[in-house]
Every structure is written in C-alpha cells, then in structure tokens.
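Participant: Residue numbers (our numbering): 134 to 198. Glycine included, C-beta positions come from ideal geometry on N, C-alpha and C.
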Amino acid sequence: MHHIMYISKAIVAIPEEELKEMVVHWGQNNERDSITGMLLYSGDHYVQLIEGPVENLKKLFIKIN
C-alpha cells in the first residue's frame, strides 16, 4: 500500500452541497480502484490523503493535477 498526501487551494469556492455530491462520486470510483483516504477542508483550502495500489494512485493523481 502506498500513500499520497497533498494540500491544495480551490480557485473557485465550492458550495458544501456540491462538494458532498462530488465526494460520493469520487468514493464510488475509489472503491472500484481499491483506493481509500480522507479529505479535510476549511474554506477554500484542502488536505487529502489517498492510499492504495501504486499504479492506481498514479492514475488518480494525474487526474487530480
């Protein structure tokens, strides 16, 4: 199991309800790809830890970037 942790700042504020919907969608994709993790946010700042098989993490991180 490998881990990636990163910090980011949103360019545009995301309404909380929209963020919740996005998290559900991401969770479904992550479950399929054997990825787990956590997302913390405060205002427009985010910290995320993702973990899973290294190849799956590489593909996901490319999408995130």
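From L193 to E149, what does the alpha carbon distance come to, in whole angstroms?
Facilitator: 23 Å
Participant: For a quick check, are the C-beta atoms of G170 and Q181 less than 8 Å apart?
Facilitator: yes
Participant: Taking the beta carbon of I195 as the centre, do at least 16 other beta carbons fall within 10 Å, making it buried, or is it exposed?
Facilitator: exposed
Participant: Rounded to whole angstroms, what's the CA-CA distance from N189 to Y179? Just pull it up for me.
Facilitator: 21 Å
Participant: Using the beta-carbon count (16 or more within 10 Å), is I183 buried or exposed?
Facilitator: By the neighbour-count criterion, in which 16 or more other beta carbons inside 10 Å mark a residue as buried, I183 falls on the buried side.
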